[in-house]
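Under the UniProt record's numbering, the first residue of the sequence shown carries the number 6, and numbering increases by one thereafter.
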Amino acid sequence: LSEKLQNALSKLKGKGKLNEKDVDLAMREVKLALLEADVNFKVVKNFINDVKKRAVGSEVMNSLTPGQQVVKIVNDELTKLMGERESKINFSSSPPTIILMCGLQGAGKTTTAAKLSMSFKKQNRRPLLVACDIYRPAAIKQLEVVGEKAQVPVFSMGDKINPVDIAKAALEHGKKNGNDVIIIDTAGRLHIDEDLMAELENIKNVLNPEEVLLVVDSMTGQDAVNVAETFDEKLGITGVILTKLDGDARGGAALSIRAVTNKPIKFVAMGEKLEDLEPFHPDRMASRILGMGDVLTLIEKAQSAIDAQKAMELEEKLRTQQFTLDDFLDQLDQMKNLGPLDQIVGMIPGLNSKALKNVDVNEKELVKIKAIIQSMTKKERQDPSIIDSGRKKRISVGSGTNIQEVNKLLKQFKETKKMMKRFTDMGKMFKKGGGMK
Ligand code: GDP
Ligand code: MG
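Here it is as structure tokens:
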């Protein structure tokens, strides 16, 4: 899905001005990409309409970077589709908090129950796992094994007792032992059937859980969405956990579930190990699908902080390698508007903050830097390579600094020049529509 969407959108990125036809064409491709990724048909239709409505406005069309604006709109709408914000576990104000896990066989309930319990333990809670799957051979043993790995106690009563009674006994046990989160692992079936639903409903009625979390296998795509719809209708769920995202190349389930059921995806599992569980962040998932890391945030920041005209001039200078110390001074002032430098650098894919260790931007430094640059001749500012030790001495005396500080500035200038080259290379990639990793 990522690749297809990127392709569809990259055509827009390169264009200076867009008309309605450009957007229409790109949206047709986006639509196909989403359908191929097994996103629910109705969801796709609404999504495309929403994007179009926003993209065809004059504000976007007349902006400096209409292509990028449309990409941003697609990104926003994808985020919205998946629920906008992270949805956290609802903890009861009078513990224990009860979490009922449900889902089809093999979806990952037992594994995910253990993963969840481990994450609660890390938050200094005292979870208890409860074995209510009495049907699948060795299901109890499986929970005991993963429970041990997670170092979380497991409550079980064998497979001769009714799951509803096990659940009741587990609640008593948990209260007595000071467990503040009780996670009930239940049985699944190959398909949804009435018996299973009735049993889950009984457990739910008896325990009155804070959370009924449906575990679905993201690799099953549209089936996962249908399962979610049915479970929600029959049982009522409070959230979804998407498993096996590590094997899901299409992303259709992640994109449709929220829109179809109106229930949030709370976690995603991306591997078999106990650590492989993450809270679900719709915005991160959206940019992952669009394949561009936090570049969008960076574009947003840059657009608001950097004067577009100046940025264009700068780009021209960088391209022709005419970036001078005067520009450097200008640039340092602009960078200040962007926010903490290390934060900015963290958003540039492939560039780590180590590269900028020597670039320190604070007020005092700026005053000094200004003084040093102002003590240079015009020629020196154009071509710092001519600054030998004699010139350095003169500059340091003239600016009331010392040789080390002059050296430091020259080094910073070099680093910045390198970094600015990174920025422009990135810009070029955008124009060509190249993929970002
Ligand atoms: P249950 O029947 O719903 O309890 O499912 P299980 O917890 O027994 O999981 C079924 C299989 O899926 C097991 O082999 C798990 O190791 C595997 N599994 C669960 N979650 C994930 C995941 O996020 N990624 C991968 N690759 N495998 C998973
Ligand atoms: Mg199981």
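Note that the Cβ used here is the ideal one computed from N, Cα and C, for glycine as well.
(Q) Restricting to runs no shorter than 3 residues, where is the beta strand (DSSP E) found entirely within the stretch 34-96? (A) none
Q. Mind pulling the beta strand (DSSP E) runs of 3 or more residues that sit fully within the stretch 234-261?
A. 244-248
Q. Between which two residues does the beta strand (DSSP E) carrying Val135 extend?
A. Pro132 to Ala136
Q) Does the Cβ of Arg90 lie closer than 7 Å to at least one heavy atom of the ligand MG? A) no
(Q) If distances are taken between C-alpha atoms only, which option among Ala229, Cys107 and Ile171 comes closest to Leu240? (A) Cys107
(Q) Can you tell me where the alpha helix (DSSP H) holding Thr115 begins and where it ends? (A) Lys114 to Lys127
Q) Are Glu177 and Thr102 closer than 8 Å when you measure CB to CB? A) no
**Q.** Residue closest to Ser92, alpha-carbon to alpha-carbon, out of Phe236, Ile378, Leu218 and Glu420
**A.** Leu218
Q. Under a Cβ-count criterion, where at least 16 other Cβ atoms within 10 Å of its own Cβ denotes burial, should Arg90 be classed as buried or exposed?
A. exposed
Q. How would you label Asp332, buried or exposed, when you count the other beta carbons within 10 angstroms and need 16 or more for buried?
A. buried
(Q) Relative to the C-alpha of Ser390, which candidate in Val411, Ala259, Ala112 and Leu30 has its C-alpha closest? (A) Val411
Q: Starting from Met202, trace the alpha helix (DSSP H) both ways and give me its first and last residue.
A: Glu199 to Leu212
Q: Going by DSSP, name the residue or residues bridged to Leu218.
A: Met106 and Gly244
Q: May I ask you to report which of helix, strand or coil DSSP gives Leu377?
A: This sequence places Ile at residue 377; Leu is not what is there. Reduced to three states, the DSSP call for Ile377 is helix.
Q) How should Ser132 be labelled, buried or exposed, when 16 other C-beta atoms within 10 angstroms of its C-beta is the threshold for buried? A) According to the sequence displayed, residue 132 carries Pro and not Ser. When all chains shown are included, Pro132 counts as buried.
(Q) Under 7 Å: does the beta carbon of Asp55 sit that close to some heavy atom of the ligand MG? (A) no
Q. Using the C-alpha atoms, what's the distance from Glu280 back to Asn407?
A. 52 Å
Q. What number of angstroms, rounded off, separates the C-alpha of Gly403 from the C-alpha of Ile378?
A. 10 Å
Q. In its own chain, which residues sit with a C-beta less than 6 Å from the C-beta of Gly355, not counting the 5 before and 5 after it?
A. Caution applies to Gly355, whose pLDDT of 40 falls short of 50 and renders its modelled position unreliable; the model cannot decide the point.
**Q.** Test item: CB-CB of Ala258 and Leu86 under 8 Å
**A.** no
Q) Ile166: buried (16+ other C-beta within 10 angstroms of its C-beta) or exposed? A) exposed
Q. Per DSSP, what kind of secondary structure is Ala274 in: helix, strand or coil?
A. strand
Q. Taking C-alpha atoms, which residue in Gly276, Thr421 and Leu260 lies nearest to Pro269?
A. Leu260
Q: Look at the alpha carbon of Ala31 and the alpha carbon of Asn267, and state the distance between them as a whole number of angstroms.
A: 28 Å
Q) For Ile392, which of helix, strand or coil comes out of DSSP? A) coil
Q) With DSSP run on the structure shown, which of helix, strand or coil describes Gly298? A) Residue placement at Gly298 is poorly supported in this model, since its pLDDT is 46, which falls under 50; the coordinates still yield a value, given next. Here Gly298 sits in coil by DSSP.
Q. For Val28, is the classification buried or exposed, using 16 other Cβ atoms within 10 angstroms of its Cβ as the cut-off for buried?
A. buried
Q: Please report the residue range of the beta strand (DSSP E) in which Leu176 lies.
A: Not the beta strand (DSSP E): Leu176 falls in the alpha helix (DSSP H), residues Pro168 to Asn182.
Q | Buried versus exposed, by CB contacts within 10 Å (16 or more), Ala143 | A | exposed
Q) With 16 other CB atoms within 10 Å as the buried threshold, where does Asn184 fall? A) buried
Q. Lys26: beta carbon under 7 Å from a heavy atom of the ligand HEM?
A. Summarising the ligand content, the structure contains the ligand GDP and the ligand MG and does not contain the ligand HEM.
Q.
Strictly by DSSP, which residues pair up with Val159?
A. Leu134
Q: Return the first residue and the last residue of the alpha helix (DSSP H) that Glu385 is part of.
A: Lys383 to Gln387
Q) Is Pro287 helix, strand or coil when you go by DSSP? A) helix
Q) Alpha carbon to alpha carbon, what distance is there between Leu134 and Phe160? A) 6 Å
Q) Is the beta carbon of Ala259 within less than 7 Å of some heavy atom of the ligand GDP? A) no
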